[in-house]
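Numbering (this note's numbering), first residue to last: 212 to 560. Every residue gets a Cβ at the ideal spot worked out from N, C-alpha and C, and that includes glycine. Here the structure is a predicted model, which is why all the values come from computation and not from measurement.
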Ligand code: NCD
Ligand code: ZN
């Protein structure tokens with residue numbers, strides 16, 4: 212039964228993890244099937260810190276998705292304590308780097324080379340502000356004494372606010388926001404037009420109780436971790452508001468199933484195969500399908516100073532059941548978020 216369809220400009224994903232090698236080859240086509248462009252996270256091992264490394268990685272992504280996908284990877288530079296402002300500015304000028312990613316050291320998966328003291332990278336921020344290059348922040352404090360559920364809210368106060376004050380025209384994206392505090396803060400700065408936030412599909416669907424429903428669900432563990440229900444509701448309200456400061460970034464973060472189902476399972480949720488359908492379902496539930504295009508296809512490019520896609524995609528209200536996993540050449544399946552459960556929207560190929 213299919214009678215409702217929705218056609219929107221082809222969306223972009225402003226936050227993806229593609230990894231490398233067999234994993235890259237297995238996951239990247241899923242993103243390229245839905246999205247025209249994606250901001251590619253640089254947290255490889257070793258991290259992507261040079262123009263050469265980013266350009267080589269971009270070539271490997273293009274080889275994995277194929278030219279016929281019509282997909283453009285937008286590369287990012289991983290910020291370290293010793294980052295070179297000249298290299299970063301040069302990479303931006305050449306169109307290799309679209310943005311810089313700032314991980315506080317130790318905040319999340321592969322962030323060991325991240326920044327230990329924000330003052331170390333002030334010269335880089337200075338240059339980025341001059342040239343209009345966006346800074347993408349993983350917004351969690353890393354003090355091990357801080358409760359994991361409080362890390363995002365404290366980051367706003369302790370790290371983000373000083374950066375915004377010290378660099379009044381630096382463009383900043385608070386990545387994968389998970390709290391009402393972040394939504395309120397981004398809104399409070401909306402007039403400036405230089406602070407935005409990405410919102411993942413999974414944070415619109417799960418709250419922290421879901422992680423522990425009937426037992427521990429390692430495939431629902433990611434960073435920043437899902438918060439209380441009131442925060443999920445605030446995220447749904449923000450995403451479906453159509454406001455320019457909120458746009459789509461899945462943070463799709465594949466890990467082999469054995470690495471998730473472990474005594475110390477890693478953080479990251481793999482949403483790429485069903486991302487746009489999961490968002491569509493949320494917007495439908497919120498009676499806001501008319502706002503999906505702004506969130507998925509318009510607000511992101513406008514913030515980054517790019518044109519919206521001229522292509523379109525069509526979604527159909529058709530119940531189907533995605534696979535539970537995808538396979539990789541290395542023989543390590545990756546669990547898909549919502550895999551094996553009915554989904555009410557489907558991308559029409
Ligand atoms: C990401 C990963 O696996 O690389 N994990 C996650 O839980 N989101 C890193 C990140 O974006 O924090
Ligand atoms: Zn991420």
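Taking the C-alpha atoms as reference points, what is the distance between residue 265 and residue 253?
-> One C-alpha to the other measures close to 8 Å.
Could you check the C-alpha separation between residue 569 and residue 429 for me, to the nearest Å?
-> Since the displayed the chain opens at 212 and closes at 560, residue 569 lies outside it and no answer follows.
Going straight from the alpha carbon of residue 215 to that of residue 425, what length do you get?
-> Straight-line spacing of the CA atoms in residue 215 and residue 425 works out to 35 Å.
Excluding five sequence neighbours on each side, which residues of the same chain lie with their C-beta closer than 8 Å to the C-beta of residue 381?
-> Excluding residues within five positions, the ones whose Cβ falls inside 8 Å are 336, 339, 340, 346, 374, 375, 405.
Quick one: what's residue 527 bridged to in DSSP?
-> For residue 527, the beta-bridge partners assigned by DSSP are 216, 557.
Looking at residue 434 and residue 225, is the spacing between their C-beta atoms short of 8 Å?
-> Taking 8 Å as the Cβ cut-off, residue 225 and residue 434 do not qualify as a contacting pair.
For residue 297, the residue or residues it bridges with in DSSP | Residue 297 is not bridged to any residue.
For residue 464 versus residue 479, is the C-beta distance shorter than 8 Å?
-> Yes. Within cutoff.
In angstroms with no decimal places, state the Cα-to-Cα distance between residue 316 and residue 529.
-> Taking the CA atoms as reference points, residue 316 sits about 44 Å from residue 529.
Distance, Cα to Cα, residue 283 vs residue 436?
-> Their Cα atoms are separated by approximately 29 Å.
With burial defined as no fewer than 16 other Cβ atoms inside 10 Å of the residue's Cβ, what is the status of residue 454: buried or exposed?
-> Buried, by the Cβ-count rule.
Are residue 286 and residue 307 touching if we call contact CB-CB under 8 Å?
-> Judged by beta-carbon spacing, residue 307 lies within the 8 Å limit of residue 286, meaning their Cβ atoms are closer than that value.
Pick from 432, 410, 438, 411: whose alpha carbon is nearest that of residue 419?
-> Comparing Cα positions, the closest option is 438.
Start and end residues, alpha helix (DSSP H) containing residue 313 = Annotation: residue 313 is outside any alpha helix (DSSP H); the continuous beta strand (DSSP E) that includes it extends over 308 to 313.
Residue 551: which of 532, 246, 288 sits nearest, CA to CA?
-> The closest CA to that of residue 551, considering only 532, 246, 288, is found on 532.
Below 6 Å CB to CB, which residues in the same chain sit around residue 543 once its five sequence neighbours on both sides are set aside?
-> The residues are 467.
Which of the three DSSP states, helix, strand or coil, is assigned to residue 323?
-> Coil, per DSSP.
Since residue 272 and residue 229 are thought to touch, with beta carbons under 8 Å apart, how far apart are those beta carbons, to the nearest angstrom?
-> Residue 272 to residue 229, Cβ: 6 Å. Contact.
Kindly examine the ligand NCD and report whether one of its heavy atoms sits closer than 7 Å to the Cβ of residue 254.
-> For residue 254, the shortest separation between its Cβ and any heavy atom of the ligand NCD lies below 7 Å.
Are residue 515 and residue 309 touching if we call contact CB-CB under 8 Å?
-> A contact, by the Cβ cut-off of 8 Å.
Taking buried to mean at least 16 other C-beta atoms within 10 Å of its own C-beta, is residue 473 buried or exposed?
-> It counts as exposed.
Cβ-heavy atom distance, residue 430 to the ligand ZN, below 7 Å | No heavy atom of the ligand ZN is found nearer than 7 Å to the CB of residue 430.
Just the Cα atoms here: how many angstroms apart are residue 358 and residue 291?
-> Each residue's alpha carbon lies about 25 Å from the other.
Give the straight-line distance between the Cα atoms of residue 522 and residue 220, rounded to the nearest whole angstrom.
-> Residue 522 and residue 220: Cα-Cα distance of roughly 6 Å.
Where does residue 284 fall in DSSP's three states?
-> Strand.
Can residue 417 and residue 457 be called in contact, C-beta distance under 8 Å?
-> For residue 417 and residue 457, no; Cβs fall outside 8 Å.
Could you give the distance in angstroms between the alpha-carbon of residue 540 and the alpha-carbon of residue 557?
-> The C-alpha of residue 540 lies about 26 Å from the C-alpha of residue 557.
DSSP-derived helix/strand/coil call for residue 411 | Here DSSP, grouped into helix, strand and coil, assigns residue 411 to coil.
Which first and last residues belong to the beta strand (DSSP E) in which residue 259 is found?
-> Residue 259 -> no beta strand (DSSP E), and no H or E assigned at all.
Residue 242 - DSSP class collapsed to helix/strand/coil | Correct three-state label for residue 242: helix.
Quick one: does the C-beta of residue 228 sit closer than 7 Å to a heavy atom of the ligand ZN?
-> Checking every heavy atom of the ligand ZN against the Cβ of residue 228, one is found closer than 7 Å.
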